[in-house]
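All letters in the sequence shown, in the order written, are residues -34 to -1, 1 to 204 by mature numbering (1 follows the signal peptide of the UniProt record, and there is no 0).
Glycine included, C-beta positions come from ideal geometry on N, C-alpha and C.
None of the values given here were measured: they were computed from a predicted structure.
All remarks here apply to the structure that follows.
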Amino acid sequence: MTVTYSSGLGRGKLALLGLTLITATGAGTTPARAAVPAEQPLVVLSGPHVARTAPRASANTVETVSARRPLTRVRTVLPVIGPARRGWVRVMLPGRPNGHKAWIRTYRTEPTSTPWHLHVDLSQRSVTAYRNGARQRRFRAIIGAPATPTPRGRSFIEETMRLSATAAGGPYALATSARSDVLQEFAGGPGQIALHGTNHLTGTLSSNVSHGCVRLSDTAIRWLAERIGPGVPVTTTN
């Protein structure tokens, strides 16, 4: 799917998102306790970082992480895994392989945190939003088709985009760090998985017809877009 944004981003950047989406409608609003962390530590990058296999400058390079995300140019925000060690911190990284981690220097990073956590339940075809460990909302969703399944595991939100009225998957897309397990490329992009709306797309809620993304109703994706920002962890289970 190729999308166009009301923010004026060019077609080339928009096509980078080979989006596989989940669609949902709002369900009950009564908070309920859940076995998810009350808070997720994060770091905001103020410059590019070389990610390494161990917390030392001589360790092998995994990749270089840009200070900004490619589509919206917002600051890169990464979930922190474990405590800092001698000026280094272990973080989750975007892209393939899904869920991969590495060490970066704490220099040119700003520590922060988020109380939000998203859980995608493939068996229930739903998305649940938690805040401070308590369930806030649960939405029905469209998930990946059997041939193009929504990847399981841990990921995080990279950036949130408002899409134009004519864009497929609008009105919003929450691009995640996960990539499709079967599509190396989609619509000119890297097969990136997102949670987005259903504008100009087919399929009914609670079905499995997407290319791997999670599609949500307008009400659901608007609710999430108002609250969920970069770095928010996403857990996808079966």
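Counting only the same chain and skipping the five closest in sequence on each side, list residues whose C-beta sits under 7 Å from that of H3. On the sequence shown, position 37 is the one that residue 3 refers to. Correcting the residue identity first, residue 3 is Pro in this sequence and not His. For P3, where only same-chain residues beyond five positions count, the Cβ hits under 7 Å are H83 and G99.
Assign E125 to one of two classes, buried (16 or more other C-beta atoms within 10 Å of its C-beta) or exposed (fewer than that). For this step, residue 125 is matched to residue 159 along the sequence shown. Buried.
Cβ shell of P199 (< 6 Å), same chain only, five flanking positions each side left out: On the sequence shown, position 233 is the one that residue 199 refers to. In chain order, Q6, P45, H83 and F122 place their CB closer than 6 Å to the CB of P199, counting only its own chain and leaving out the 5 sequence neighbours on each side.
Spatial neighbours of P81 in its chain, beta-carbon cut-off 6 Å, leaving aside the 5 residues before and after: Numbered from its first residue, the sequence shown carries residue 81 at position 115. Excluding residues up to 5 positions away in sequence, E5, R97 and N98 lie with their Cβ nearer than 6 Å to the Cβ of P81 in the same chain.
Quick check: the Cα distance between A20 and A68, rounded to an integer number of angstroms? The residue labelled residue 20 in the question sits at position 54 within the sequence shown. The residue labelled residue 68 in the question sits at position 102 within the sequence shown. If you take the alpha carbons of A20 and A68, they lie about 7 Å apart.
Buried versus exposed call for Y73 [16 or more other C-beta atoms within 10 Å across all chains shown]: For the purposes of this step, residue 73 is identified with residue 107 of the sequence shown, where counting begins at 1. So Y73 ends up on the exposed side.
Inspect the beta-carbon positions of N64 and R145 and report whether they are closer than 9 Å. Looking up residue 64 in the sequence shown gives position 98. Looking up residue 145 in the sequence shown gives position 179. Contact: yes.
Using only CA atoms, which one of I108, V9 and A141 lies nearest to H177? Working through the sequence shown from its first residue, we reach residue 177 at position 211. Out of I108, V9 and A141, I108 has the C-alpha closest to the C-alpha of H177.
Can you give the Cα-Cα distance for A23 and R71, rounded to whole angstroms? Numbered from 1 along the sequence shown, position 57 holds the residue referred to as residue 23. Numbered from 1 along the sequence shown, position 105 holds the residue referred to as residue 71. Rounded to the nearest angstrom, the gap between the Cα atoms of A23 and R71 is 9 Å.
Near R52, which residues of its chain fall below 7 Å by C-beta distance, leaving aside the five closest residues on each side in sequence? Start at 1 with the first residue of the sequence shown, and residue 52 comes out as number 86. Once the five neighbours on either side are set aside, the close Cβ partners of R52 are P21.
For V31, which option in T75, G48, I47 and A50 has the closest C-alpha, if you only look at C-alpha atoms? Translated into the one-based positions of the sequence shown, residue 31 becomes position 65. Of all alpha-carbon atoms in T75, G48, I47 and A50, the one lying nearest the alpha-carbon of V31 is that of T75.
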